[in-house]
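S.K.: My questions will all concern the structure given below.
In the working numbering, the protein residues as written are 470 to 582.
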């Protein structure tokens, strides 16, 4: 019996920019108004922000439901790290560098040690 190694094909989502997925009026999280008791104890939150630092317009954020946001970033993560499957969770938490596979072969050779 001959085993043939299949060529690996990672996922290719061609994921659009999150702003392109935006639909006016969609929200992922609706923040409730503060309870009256909390407002009385803490006061108005805006009063602690200097007038010069307050927004004059609402921020231009994408309008998506929470599941859409999760799917979007899940697909992006698969595009970035899906080509080289391994268990190194820390792979995306530091500066990435390019290590060609041929260098890994040489480094693992007993003749190099």
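No residue lacks a Cβ here, since even glycine has one placed at the ideal position from N, Cα and C.
1. Grab the span of the alpha helix (DSSP H) containing residue 603 for me, first residue to last.
2. Would you mind stating whether residue 531 and residue 490 have Cβ atoms separated by less than 8 Å?
3. Output the residue ranges of the alpha helix (DSSP H) runs that lie fully inside the stretch 486-562 and measure 4 residues or longer, sorted by chain position.
4. Pull up the distance between the alpha-carbon of residue 579 and that of residue 548, whole angstroms please.
5. Count the other C-beta atoms from every protein chain shown that fall within 10 angstroms of the C-beta of residue 545, then say buried if there are 16 or more, exposed otherwise.
6. For residue 488, I'd like the list of residues in its chain whose CB is within less than 6 Å of its CB, leaving aside the five on either flank, ordered along the chain.
7. Using a 10 Å radius around the Cβ and a threshold of 16 neighbouring Cβ atoms, would you call residue 472 buried or exposed?
8. Going by C-alpha to C-alpha distance, which of 475, 495 and 485 sits closest to residue 536?
9. Considering Cα atoms alone, identify which of 509, 484, 474 and 476 is closest to residue 538.
M.R.: Reading off the structure:
1. The structure shown does not extend to residue 603, since the chain spans only 470 to 582, so no value can be given for it.
2. yes
3. 505-511 and 535-550
4. 34 Å
5. exposed
6. 531
7. exposed
8. 495
9. 484
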